[in-house]
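Below: the structure, in structure tokens.
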Ligand SMILES: CC(C)(COP(=O)(O)OP(=O)(O)OC[C@H]1O[C@@H](n2cnc3c(N)ncnc32)[C@H](O)[C@@H]1OP(=O)(O)O)[C@@H](O)C(=O)NCCC(=O)NCCS
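Residue numbers (my numbering): 9 to 298.
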């Protein structure tokens with residue numbers, strides 16, 4: 009759609025009634041970016057995105073905004089704060105209105121008063137967002153590697169048992185894998201995905217989630233080796249599953265490659281601020297929720 013470049017842009021807090029429009033903007037913006045670079049893209053169904061956008065609005069309504077012109081939503085952003093961390097979950101502007109300062113303004117709204125420790129995940133092929141975030145101290149720390157299973161089933165991991173997980177265990181795994189508390193997100197993930205806790209010699213060592221879509225993640229390990237063992241067990245149950253792993257989670261990357269998973273393209277980038285360490289025992293839940 010061609011809009012007059014002089015049409016005023018207005019900004020307001022997002023509400024749940026905006027979710028369908030946010031899904032449209034996301035599909036248009038991400039699809040345009042990937043197709044321009046020759047990568048395949050198909051719009052996700054609204055149902056695949058709406059629960060996550062709703063979860064962000066439920067917990068951090070003060071960090072979710074939309075941009076409108078002529079009564080139509082043309083951009084949106086969402087971020088969350090957990091403890092002393094700020095995570096930018098989404099920033100998308102419709103291709104027809106890009107390059108007019110909408111992305112910069114939306115970013116500023118979600119960023120205002122953010123705690124010092126900041127995190128986001130970007131597309132590596134997107135110079136605009138990577139430069140915008142870089143100017144706010146968010147710098148690339150490691151690639152985000154997508155892997156797709158090819159049907160190879162790893163051998164069972166000896167000594168790893170499936171157990172019931174206690175809240176304290178989840179908190180300890182959060183601290184080790186993410187570096188901050190994800191209690192609110194575990195409740196969200198567990199409503200839709202199958203959560204499995206793994207123990208060795210009676211000690212819980214990892215938690216993993218398996219989704220009806222085939223996604224595996226997040227996987228949180230007390231250490232990289234335990235997270236990798238959890239991935240092997242998830243791939244035994246679903247050898248064509250798919251997962252996104254920070255490049256610094258070496259044991260998980262090695263396990264994915266050993267299981268003959270295919271590396272998906274293009275990679276993402278994990279951006280960190282304030283000297284934070286990149287994760288070593290984590291596979292993420294999604295680009296929207298880290
Ligand atoms: C990334 C996106 C949100 C930016 O929104 P936008 O409204 O087009 O961007 P803006 O007009 O606000 O410009 C942002 C800044 O990037 C700068 N910029 C543009 N290209 C740049 C480049 N190659 N290198 C450095 N800076 C660049 C602009 O000059 C501007 O900075 P300024 O305001 O200080 O001049 C939007 O382009 C988009 O949705 N893209 C597709 C989806 C996507 O990649 N989303 C981000 C997911 S991480």
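Glycine included, C-beta positions come from ideal geometry on N, C-alpha and C. The model shown is predicted, which means the values in this text are computed figures rather than measured ones.
1. Hey, would you say residue 206 sits closer than 9 Å to residue 241, going by beta carbons?
2. Which stretch, first to last residue, makes up the beta strand (DSSP E) that contains residue 21?
3. Cβ-heavy atom distance between residue 81 and ligand 1 below 8 Å?
4. Taking one C-beta from the segment 275–288 and one from the segment 120–139 each time, how about it: are there three or more such pairs within less than 8 Å?
5. What are the boundary residues of the beta strand (DSSP E) that residue 131 is part of?
6. Mind checking residue 12: buried by the 16 CB within 10 Å criterion, or exposed?
7. Could you tell me whether the segment 104–124 touches the segment 255–270, using the rule of 3 or more Cβ pairs below 8 Å?
8. Classify residue 135 as buried or exposed, calling it buried when 16 or more other Cβ atoms lie within 10 Å of its own Cβ.
9. What's the call for residue 232, buried or exposed, on a 16-neighbour Cβ count within 10 Å?
10. Does ligand 1 have a heavy atom nearer than 8 Å to the CB of residue 139?
11. Skipping 5 residues on each side, what residues in its chain have a beta carbon closer than 7 Å to that of residue 57?
12. Any contact of the segment 139–157 with the segment 169–179, i.e. 3+ C-beta pairs under 8 Å?
13. Across which residues does DSSP place residue 217 in a beta bridge pair?
14. Does the segment 14–26 come close enough to the segment 80–94 to have 3 or more Cβ pairs within less than 8 Å?
15. Any heavy atom of ligand 1 inside 8 Å of the beta-carbon of residue 103?
16. What are the boundary residues of the beta strand (DSSP E) that residue 90 is part of?
Taking the definition as stated:
1. With contacts defined as CB atoms closer than 9 Å, residue 206 and residue 241 qualify as a contacting pair.
2. Looking at the DSSP string, the run of the beta strand (DSSP E) that includes residue 21 is 18–21.
3. Not one heavy atom of ligand 1 falls within 8 Å of the beta-carbon of residue 81.
4. Contact between the segment 275–288 and the segment 120–139 is present, because at least three Cβ pairs lie under 8 Å.
5. Element bounds for residue 131: 125–131.
6. Confidence is the limiting factor: at residue 12 the pLDDT is only 48, short of 50, which leaves the residue's position unreliable, though a coordinate-based value still follows. Residue 12 is exposed by the Cβ-count criterion.
7. With the cut-off at 8 Å, the segment 104–124 and the segment 255–270 do not touch.
8. It is exposed - the Cβ of residue 135 has fewer than 16 other Cβ atoms within 10 Å.
9. Buried, by the Cβ-count rule.
10. Relative to the non-hydrogen atoms of ligand 1, the Cβ of residue 139 comes within a distance shorter than 8 Å of at least one.
11. For residue 57, where only same-chain residues beyond five positions count, the Cβ hits under 7 Å are 31 and 34.
12. Put simply, the segment 139–157 does not touch the segment 169–179. Fewer than three CB pairs are less than 8 Å apart.
13. In the DSSP secondary-structure assignment, residue 217 is bridged to 203.
14. Yes, since at least three Cβ pairs between the segment 14–26 and the segment 80–94 fall closer than 8 Å, the two stretches touch.
15. Distances from the CB of residue 103 to the heavy atoms of ligand 1 include at least one below 8 Å.
16. Here the beta strand (DSSP E) through residue 90 covers 80–90.
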